[in-house]
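Q: Chains R and Y are the protein sequences, given in the same order.
When we follow my numbering, the leftmost residue of the first sequence carries the number 14, and every step to the right adds one.
When we follow my numbering, the leftmost residue of the second sequence carries the number 110, and every step to the right adds one.
Let me give you the structure first, and then I'll get to my questions.
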Amino acid sequence: MQIIEDPKVYDAIIVGSGAGGGMATKVLADAGLNVAVVEAGPFYDPAAPKQQTQMKWPWESPRRGASTTRPFGDFDAAYGGWEIEGEPYTRVEGTEFDWFRSHMLGGRTNHWGRISLRFGPLDFKHKDVDGYGDNWPIGYEDIKPYYDQVDKLIGVFGTNEGLPNDPDGFFLPPPKPRLHELFFIRGARKSGIPVYPARMSMLTKRINQERGVCFYCGQCSRACSVYADFSAGTCLIFPAQKSRGQVDLFVNCVVREVTTDDNGKATGVSYINKEDRKEYKLKGKVVVLGASACSSARILLNSKSPQHPNGLGNSSDLVGKYLHDSTGADRMAFVPDLMNRKVSYNEDGVGGMHVYSPWWGDNSKLDFPRGYHIEQWGGMGMPSYGFGFNVVDFNKFFGTKVGGYGDVLRSDVKKYYGALVGVSGRGESIARKDNYCEIDPNTVDQWGIPVLRFHYKWSDLERNQARHMHNTFEEILTNMGGELLGEKPGADRDYGLHAPGRIIHEVGTTRMGDDPKTSVTNRFQQLHDADNVFVVDAGPFVSQADKNCTWTILALSWRASDYIVNQLKQQNI
Amino acid sequence: MDRRESLRNIVLGSLAGSLALHGCKPEADTDLIEEVDRGSQEYYGRTKEELERDAELMEDEVFLAHERATLVTLCDLILPAGDTYKAASEADVAGFIEFMAKDIPELETPLRGGLAYLNHESNTNFNLDFAKASEEQQKQIIDPIAWYDPEVPESERGMAVNFFSLARNLTLTGFYTSKIGIEELGYKGNMPNVWDGVPDDVLEQHGVAYEPEWLAKCVDQSKRNIQAEWDENGNLIT
Numbered sequence: 014m015q016i017i018e019d020p021k022v023y024d025a026i027i028v029g030s031g032a033g034g035g036m037a038t039k040v041l042a043d044a045g046l047n048v049a050v051v052e053a054g055p056f057y058d059p060a061a062p063k064q065q066t067q068m069k070w071p072w073e074s075p076r077r078g079a080s081t082t083r084p085f086g087d088f089d090a091a092y093g094g095w096e097i098e099g100e101p102y103t104r105v106e107g108t109e110f111d112w113f114r115s116h117m118l119g120g121r122t123n124h125w126g127r128i129s130l131r132f133g134p135l136d137f138k139h140k141d142v143d144g145y146g147d148n149w150p151i152g153y154e155d156i157k158p159y160y161d162q163v164d165k166l167i168g169v170f171g172t173n174e175g176l177p178n179d180p181d182g183f184f185l186p187p188p189k190p191r192l193h194e195l196f197f198i199r200g201a202r203k204s205g206i207p208v209y210p211a212r213m214s215m216l217t218k219r220i221n222q223e224r225g226v227c228f229y230c231g232q233c234s235r236a237c238s239v240y241a242d243f244s245a246g247t248c249l250i251f252p253a254q255k256s257r258g259q260v261d262l263f264v265n266c267v268v269r270e271v272t273t274d275d276n277g278k279a280t281g282v283s284y285i286n287k288e289d290r291k292e293y294k295l296k297g298k299v300v301v302l303g304a305s306a307c308s309s310a311r312i313l314l315n316s317k318s319p320q321h322p323n324g325l326g327n328s329s330d331l332v333g334k335y336l337h338d339s340t341g342a343d344r345m346a347f348v349p350d351l352m353n354r355k356v357s358y359n360e361d362g363v364g365g366m367h368v369y370s371p372w373w374g375d376n377s378k379l380d381f382p383r384g385y386h387i388e389q390w391g392g393m394g395m396p397s398y399g400f401g402f403n404v405v406d407f408n409k410f411f412g413t414k415v416g417g418y419g420d421v422l423r424s425d426v427k428k429y430y431g432a433l434v435g436v437s438g439r440g441e442s443i444a445r446k447d448n449y450c451e452i453d454p455n456t457v458d459q460w461g462i463p464v465l466r467f468h469y470k471w472s473d474l475e476r477n478q479a480r481h482m483h484n485t486f487e488e489i490l491t492n493m494g495g496e497l498l499g500e501k502p503g504a505d506r507d508y509g510l511h512a513p514g515r516i517i518h519e520v521g522t523t524r525m526g527d528d529p530k531t532s533v534t535n536r537f538q539q540l541h542d543a544d545n546v547f548v549v550d551a552g553p554f555v556s557q558a559d560k561n562c563t564w565t566i567l568a569l570s571w572r573a574s575d576y577i578v579n580q581l582k583q584q585n586i
Numbered sequence: 110m111d112r113r114e115s116l117r118n119i120v121l122g123s124l125a126g127s128l129a130l131h132g133c134k135p136e137a138d139t140d141l142i143e144e145v146d147r148g149s150q151e152y153y154g155r156t157k158e159e160l161e162r163d164a165e166l167m168e169d170e171v172f173l174a175h176e177r178a179t180l181v182t183l184c185d186l187i188l189p190a191g192d193t194y195k196a197a198s199e200a201d202v203a204g205f206i207e208f209m210a211k212d213i214p215e216l217e218t219p220l221r222g223g224l225a226y227l228n229h230e231s232n233t234n235f236n237l238d239f240a241k242a243s244e245e246q247q248k249q250i251i252d253p254i255a256w257y258d259p260e261v262p263e264s265e266r267g268m269a270v271n272f273f274s275l276a277r278n279l280t281l282t283g284f285y286t287s288k289i290g291i292e293e294l295g296y297k298g299n300m301p302n303v304w305d306g307v308p309d310d311v312l313e314q315h316g317v318a319y320e321p322e323w324l325a326k327c328v329d330q331s332k333r334n335i336q337a338e339w340d341e342n343g344n345l346i347t
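Rendered as structure tokens:
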């Protein structure tokens, strides 16, 4: 079969349209460049009536929002999930990794939690603190101007608190806490844990005329139809299409590999069009990979040529290595003081937490080196599949009979509505060379592209951290007056530590560094081995921090894109 | 309040003042949000593959007529009509449960087995199918299985007790995710809103209060539509 070549030569080909690819598209198009954006999934606009899930009632779904077809339920905006038919991945026996993919314009930013935390000064130099992992080649001062720009361009609410490792920014004002959050504040403080207004990318205040202001439906996971939360499609790609550059969107196109010339420089990409299943080639002066840490690693490893026999950018043999996800553990409690609530008001709020606790501990006195932050949820949410399940169980806390039907059951449902609170820890794991993804030589996906095989194991450092999370959760929930639900997980269950990949913060597969022997990209996310290829997703992260990765992906992608524009102008690439 | 009316209030009521003052056009926001609302009436955002799967499931029938009758009866015992309440059948809870038995196939056997159990008990004791028995007779059958000791692990509570728990769970979900169920529950959300904190009477009822220092940091909703500007230190000045 003949490969179909487009004669046009783009200034840049951007692979992926999530946070990293979206930001690169915006910055490069704003600079007047002609760019192609190649996205593996369909076009998506949360305001398109046929794609919109925001403001739907549960009865509009025959399964009432159950998670049978989408892992976070029918109304969640993410297409895809941990398993996608026809697009497998494998794991080395005895190891685990669950890989969440969302193929669509905007990628996983359509449903993400919008928790938008800057990394702090320590997060770039943590090896200096505890000896684990490696330092980044850059520091907070290198990225700070870009964080500032991201805050202003995209919008994030929060407060300047002057914390040493949770930097201040340019924040929109936060929403007031909800009732269960006032209980959380009280419980956490009793446990000596400080609480601050959350930092989330929803517009509590107008930032421009193109995007709406939050109307507090609490449904950011469904992606906002008035673009009042950050999704890469609505906030970066769409504006880029209106900029002075030319943006050609190639949707439903799966990139197979980066093509290179005799000098080893990239010439473009080859991709499979999902609609006709044929292979095509695009030419570009620069290739920018933003397909997600693992997908970009896969593309590089599959881009073998005489000049790059080990895969593109892989002379160090480090592409795919140092893969790491955030740690995570969760606990729930029933809070009697939150019973018998008045349903007189709408407390949906923003989609997610209004308050949070950044890491407060001193790791030098603990049996694990890195911290975690605490998120929480609760309140009188919109019922969906699972509502009322085992609600009668709570009768046991009052010594009344457990079970029943009819009027007594009805009154139980209402009595207990809004009395559940959950807390989650999301923390930093140590990046390790022996946690990695590689090409599985025996398996291809339905497009004929060799797939990834994962090799990932947690260590005791992460398990100890999870144990600490659960001890903390019990203390906070008890101090809130809560009755703990479920059992505290023990050593047999890794102290409740979620499997790697479950927190969907995977980073580190093309890590940056000054030494081409110990890193894949340089400090501008440019491949050491091919100077016209850049990686703008979370692949170049040296370490993850106890933050979420999106705000840092955005800031770094902007920084790398500025560098690309500059290098093109100087005709260096 | 109707959702459209709520939209008008949020856009025209609370915001019109600040909009007019600062010369922005409120129409844009109204149109945008109304468009959102209109779209939500017709679809629920399915991909083609999801639509096909839903359609296939809808066509299938798992329960036979007498099983369905048994289920309808059981759901209405769990959530019967009352002076102010509507019955499970008015929200077609049995139809929802039947859909779930297809959507999550592991539910089918415990549900069918449990329905057969109810009919077996009813026929043995009263020589009548469960749905045809009197309410008193039906309650004689479900009373022994409607309560359980939460200290006993689920796996040891017995098939009939666990069936009733499953039916109760699915009935509650089916009913309280329906239009009439949400009305009964009183949930006020899924409406455009301007969140401005917990009402005072609710704070008082639950014995908590806002701290003035915390509130001082929070959004002033009267200025939500005024474009954000900061000084060079990140202090919001608008």
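Yeah, the Cβ is synthetic: ideal placement off N, Cα and C, and Gly gets one too.
What is the rounded straight-line gap between the Cα of Leu216(Y) and the Cα of Ile312(R)?
A: Here residue 216(Y) is taken as the residue at index 107 of the second sequence, counted from 1. Here residue 312(R) is taken as the residue at index 299 of the first sequence, counted from 1. C-alpha separation (whole angstroms): 41 Å.
Q: Hey, Phe56(R) and Val264(R) are a contact pair by Cβ (cut 8 Å); roughly how many whole angstroms apart?
A: In the first sequence, residue 56(R) corresponds to position 43, counting from 1. In the first sequence, residue 264(R) corresponds to position 251, counting from 1. Confirmed, Cβ separation roughly 5 Å.
Q: Is it true that the CB of Tyr209(R) sits closer than 8 Å to the CB of Tyr369(R)?
A: On the first sequence, residue 369(R) is found 356 positions in, with the first residue counted as 1. On the first sequence, residue 209(R) is found 196 positions in, with the first residue counted as 1. Their beta carbons are under 8 Å apart, which means Tyr369(R) touches Tyr209(R) by this criterion.
Q: What is the rounded straight-line gap between the Cα of Cys133(Y) and the Cα of Ala337(Y)?
A: Locating residue 133(Y) in the second sequence gives position 24, where the first residue counts as 1. Locating residue 337(Y) in the second sequence gives position 228, where the first residue counts as 1. Annotation note: pLDDT 39 at Cys133(Y) (below 50); position unreliable, coordinate value reported separately. Approximately 14 Å between the Cα atoms of the pair.
Q: Would you tell me roughly how many angstroms separate the C-alpha atoms of Ser238(R) and Lys69(R), rounded to the nearest one?
A: Locating residue 238(R) in the first sequence gives position 225, where the first residue counts as 1. Locating residue 69(R) in the first sequence gives position 56, where the first residue counts as 1. If I take the Cα positions, the gap works out to 12 Å.
Q: Do you know offhand how far Gly126(Y)'s Cα is from Leu192(R)'s?
A: Here residue 126(Y) corresponds to residue number 17 of the second sequence, with the count starting at 1. Here residue 192(R) corresponds to residue number 179 of the first sequence, with the count starting at 1. Legend: pLDDT at Gly126(Y) = 35, less than 50; position of this residue unreliable, value from coordinates given subsequently. In a straight line, the C-alpha of Gly126(Y) is about 29 Å away from that of Leu192(R).
Q: So who's on the other strand from His386(R), going by DSSP bridges?
A: The residue you call residue 386(R) lines up with position 373 of the first sequence. For His386(R), which the question treats as bridged, DSSP gives the partners Arg439(R).
Q: Just to make sure I have the definition right: I need the residues of chain R whose C-beta is within less than 8 Å of the C-beta of Asp163(Y). Which are they?
A: Indexing the second sequence from 1 puts residue 163(Y) at position 54. Those within 8 Å of Asp163(Y) in chain R are Pro75.
Q: Roughly how many angstroms lie between the CA atoms of Gly438(R) and Ala60(R), to the nearest whole one?
A: Counting from 1 along the first sequence, the entry for residue 438(R) is found at position 425. Counting from 1 along the first sequence, the entry for residue 60(R) is found at position 47. Each residue's alpha carbon lies about 32 Å from the other.
Q: Out of Asn579(R), Glu52(R) and Ala512(R), point me to the one whose CA is closest to Thr246(R)'s CA.
A: For the purposes of this step, residue 246(R) is taken as residue 233 along the first sequence, with counting starting at 1. The question names Thr, but residue 246(R) in the sequence shown is Gly. Ranking the options by Cα distance to Gly246(R), first place goes to Glu52(R).
Q: State yes or no: is the beta carbon of Asn299(Y) nearer than 8 Å to at least one beta carbon in chain R?
A: Mapped onto the second sequence, residue 299(Y) falls at position 190. At least one chain R Cβ lies under 8 Å of Asn299(Y).
Q: When you compare only the Cα positions, how much space is there between Leu567(R) and Ile516(R)?
A: Here the question's residue 567(R) lines up with position 554 in the first sequence. Here the question's residue 516(R) lines up with position 503 in the first sequence. Distance between the alpha carbons of Leu567(R) and Ile516(R): 19 Å.
Q: Pairs of beta-carbons, one from the segment 408-418 of chain R and one from the segment 298-305 of chain R, closer than 8 Å: are there three or more?
A: Result no; under three Cβ-Cβ pairs closer than 8 Å.
Q: Of all Cβ atoms in chain Y, is any one closer than 8 Å to the Cβ of Lys287(R)?
A: If you number the first sequence from 1, residue 287(R) lands on position 274. So no, Lys287(R) is outside the interface.
Q: Just checking: is the beta-carbon of Ala210(Y) within a distance shorter than 8 Å of some beta-carbon in chain R?
A: The sequence position of residue 210(Y) within the second sequence is 101, counting from 1. It does not; no Cβ of chain R falls within 8 Å.
Q: Taking the alpha-carbon positions, what's the Ile586(R) to Gly205(R) distance?
A: Walking along the first sequence from the start, residue 586(R) turns up at place 573. Walking along the first sequence from the start, residue 205(R) turns up at place 192. Each residue's Cα considered, the two are about 53 Å apart.
Q: Below 8 Å between beta carbons: does that hold for Val549(R) and Ala37(R)?
A: In the first sequence, the residue the question calls residue 549(R) occupies position 536. In the first sequence, the residue the question calls residue 37(R) occupies position 24. Yes.
Q: According to DSSP, what are the bridge partners of Gly399(R)?
A: On the first sequence, residue 399(R) is found 386 positions in, with the first residue counted as 1. Beta-bridge pairing links Gly399(R) to no other residue.
Q: For Gly341(R), which three-state DSSP category applies?
A: On the first sequence, position 328 is the one that residue 341(R) refers to. Of the three classes helix, strand and coil, the one that applies to Gly341(R) here is strand, per DSSP.
Q: For Ser357(R), which residues in chain Y fall below 9 Å Cβ to Cβ?
A: Taking the first sequence and counting its residues from 1, the one referred to as residue 357(R) is at position 344. Per Cβ cutoff of 9 Å: Gly295, Lys297, Pro308, Asp310 and Val311.
Q: So is Asp329(Y) in contact with chain R if we call contact Cβ pairs under 8 Å?
A: Against the second sequence, residue 329(Y) aligns to sequence position 220. Interface residue, yes.
Q: Is the Cβ of Phe467(R) closer than 8 Å to any Cβ of chain Y?
A: As a working mapping, residue 467(R) is identified with position 454 in the first sequence. Chain Y contact via Cβ: absent.
Q: Out of curiosity, what's the CA-to-CA distance linking Val22(R) and Leu262(R)?
A: Taking the first sequence and counting its residues from 1, the one referred to as residue 22(R) is at position 9. Taking the first sequence and counting its residues from 1, the one referred to as residue 262(R) is at position 249. Answer to the nearest angstrom: the Cα atoms are 15 Å apart.
Q: Which class does Asp147(R) belong to by DSSP, given the choice of helix, strand or coil?
A: If you number the first sequence from 1, residue 147(R) lands on position 134. Three-state result, Asp147(R): coil.
Q: Once the 5 residues before and after Pro180(R) are set aside, which same chain residues still bring their CB inside 6 Å of it?
A: The residue you call residue 180(R) lines up with position 167 of the first sequence. So the list reads Arg131 and Gly133, once near-sequence residues are dropped.
Q: Looking only at its own chain, which residues have a Cβ that is under 6 Å from the Cβ of Asn178(R), when we skip the five neighbours before and after it?
A: Position 165 of the first sequence, counted from the start, is the residue given in the question as residue 178(R). Excluding residues within five positions, the ones whose Cβ falls inside 6 Å are Gly133 and Leu135.
Q: Could you tell me whether the Cβ of Gly126(Y) comes closer than 8 Å to any Cβ of chain R?
A: Taking the first residue of the second sequence as position 1, residue 126(Y) is located at position 17. Caution is warranted here: a pLDDT of 35 is assigned to Gly126(Y), below 50, making its placement in the model unreliable, and the coordinate value is therefore given only provisionally. Output row for Gly126(Y): interface = no.
Q: Taking Cβ positions only, does Lys324(Y) come closer than 8 Å to chain R?
A: Counting from 1 along the second sequence, the entry for residue 324(Y) is found at position 215. Lys is not the amino acid found at residue 324(Y); the sequence shown has Leu there. Judged by the 8 Å Cβ criterion, Leu324(Y) is in contact with chain R.
Q: Counting only beta-carbon atoms, is Lys241(Y) nearer than 8 Å to chain R?
A: For the purposes of this step, residue 241(Y) is taken as the residue at position 132 of the second sequence. Output row for Lys241(Y): interface = no.
Q: Could you give the distance in angstroms between the alpha-carbon of Leu497(R) and the alpha-carbon of Phe486(R)?
A: Against the first sequence, residue 497(R) aligns to sequence position 484. Against the first sequence, residue 486(R) aligns to sequence position 473. Approximately 9 Å between the Cα atoms of the pair.
Q: Give me the subset of the segment 421-433 of chain R whose CB atoms are less than 8 Å from a CB atom of chain Y, sorted by chain position.
A: Here the close residues are Leu422, Arg423, Val426, Lys427 and Tyr430.
Q: Do the segment 160-168 of chain R and the segment 561-576 of chain R touch if we need at least three Cβ pairs shorter than 8 Å?
A: Yes, they touch.
Q: Just mark Asp559(R) as buried or exposed, buried being the case when its beta carbon has 16 or more other beta carbons within 10 Å.
A: One-based indexing of the first sequence puts residue 559(R) at position 546. Asp559(R) should be labelled buried.
Q: Which residue spans inside the segment 228-282 of chain Y form an unbroken alpha helix (DSSP H) run of at least 4?
A: Counting whole runs of 4 or more residues, the segment 228-282 of chain Y contains the alpha helix (DSSP H) stretches 244-251.
Q: Is the beta carbon of Leu325(R) less than 8 Å from the beta carbon of Asp542(R)?
A: Indexing the first sequence from 1 puts residue 325(R) at position 312. Indexing the first sequence from 1 puts residue 542(R) at position 529. Yes; because the gap between Cβ atoms is below 8 Å, this pair is in contact.
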